[in-house]
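Comments concern the structure below.
Numbering (my numbering), first residue to last: 9 to 92.
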């Protein structure tokens, strides 16, 4: 019983690590966070560094709460490129 729970939690954590790497990679490529609205505000460097650190520390555990935003990240970027 506990081994099954351990495997499930381990799988959840591994998926979370890959999702976090995906979100961080898209942040470096596109410059957009998952929390941003459509406004193009300039984020200070210290906020950018904080975002990356917090994402690496907390996001692997809480990624499931933001799964819709993660799924739409790349699509939103493509739509903005086509409209620009």
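Beta carbons are placed, not taken as given, at the ideal position from N, Cα and C, and that holds for glycine.
With respect to the alpha helix (DSSP H) encompassing residue i, which residues constitute its N-terminal and C-terminal limits?
i	result
residue 19	10-38
residue 57	53-70
DSSP on residue i, reduced to helix/strand/coil?
i	result
residue 49	coil
residue 74	helix
Mind reading off the beta-carbon distance from residue i to residue j? Whole number of angstroms is fine, and I expect it under 8 Å.
i	j	result
residue 78	residue 27	6 Å
residue 94	residue 63	Here the chain has residues from 9 to 92 only, and residue 94 is not among them.
residue 59	residue 41	6 Å
Just to confirm, is the Cβ distance from residue i to residue j under 9 Å?
i	j	result
residue 24	residue 53	no
residue 82	residue 34	yes
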